[in-house]
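Residue numbers (this note's numbering): 632 to 788.
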């Protein structure tokens, strides 16, 4: 894939190209909303689309989120808590970290996103522990590895 092409992720088979890889959510475009814990929107469409950056894949990535818990966790990070200027949302799509390993064979029924908020620069730090932000002082090693917020589905370890 070239840098100008867009990789579109909808089905698990497509998402599997980034299985286990941390990805930065650059843009959150909800197609539904969450009101008093209930999802409102067209039930035949994905709940949201997200634009991602992932070190494993060059170019633009657009993922469509179709699981209620995954959408709810993204909504909680972006709309309820909100992401501060010096933070970024990182998520990991995976079927490898279920509490019961056999669930990966029925993964279509289960959430797959672990949504986390980290200090800005986390993705670069994970690729290069010597990374320094342009703005000057970076957070400590411990701060860069510890999520500020960690929204993990109950079925995941």
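Each residue gets a CB set at the ideal place from its N, CA and C atoms; glycine is no exception.
Next item on the list: With a 10 Å radius around its C-beta and 16 neighbouring C-beta atoms as the bar for buried, classify residue 789 as buried or exposed.
Entry: Here the chain comprises residues numbered 632 to 788, so residue 789 is not present and cannot be evaluated.
Checklist line | Whether residue 725 touches residue 651 by CB criterion (9 Å) | finding: In the chain shown, residue 725 corresponds to position 94, counting from 1. In the chain shown, residue 651 corresponds to position 20, counting from 1. The beta carbons of residue 725 and residue 651 sit closer together than 9 Å.
Check: Which word fits residue 772, buried or exposed, when buried means at least 16 other C-beta atoms lie within 10 angstroms of its C-beta?
Finding: The count along the chain shown starts at 1 and reaches residue 772 at position 141. Result: exposed.
Notebook entry, point to check: Apart from the five residues on each side of it in sequence, which residues of its chain come closer than 8 Å, Cβ to Cβ, to residue 680?
Noted result: Here the question's residue 680 lines up with position 49 in the chain shown. Cβ within range, chain order: 660, 662, 693, 694, 695, 696.
Next item on the list: Would you mind giving the Cβ-Cβ distance between residue 746 and residue 705, rounded to the nearest angstrom? I have them listed as a contact below 8 Å.
Entry: For this step, residue 746 is matched to residue 115 along the chain shown. For this step, residue 705 is matched to residue 74 along the chain shown. The Cβ separation is near 6 Å, so the contact holds.
Next item on the list: Following the continuous alpha helix (DSSP H) through residue 711, name the residue where it begins and the one where it ends.
Entry: Taking the chain shown and counting its residues from 1, the one referred to as residue 711 is at position 80. The continuous stretches of alpha helix (DSSP H) do not include residue 711, and DSSP gives it neither H nor E.
Notebook entry, point to check: Nearest to residue 674 by alpha carbon, out of 767, 682, 664, 742?
Noted result: For the purposes of this step, residue 674 is identified with residue 43 of the chain shown, where counting begins at 1. Cα-wise, what sits closest to residue 674 is 664.
Notebook entry, point to check: What first and last residue would you give for the alpha helix (DSSP H) that runs through residue 753?
Noted result: Indexing the chain shown from 1 puts residue 753 at position 122. Note, residue 753: alpha helix (DSSP H), 753 to 758.
Item checked: For residue 763, the three-state DSSP class (helix, strand or coil) -> The count along the chain shown starts at 1 and reaches residue 763 at position 132. For residue 763, the secondary structure class from DSSP, reduced to helix, strand or coil, is coil.
Item checked: N- and C-terminal bounds of the alpha helix (DSSP H) containing residue 772 -> What you label residue 772 is simply residue 141 of the chain shown in a count that begins at 1. Element bounds for residue 772: 772 to 776.
Next item on the list: State the Cα-Cα distance for the pair residue 760 and residue 768, rounded to the nearest angstrom.
Entry: Counting from one through the chain shown, the residue named residue 760 turns up at place 129. Counting from one through the chain shown, the residue named residue 768 turns up at place 137. Distance between the alpha carbons of residue 760 and residue 768: 14 Å.
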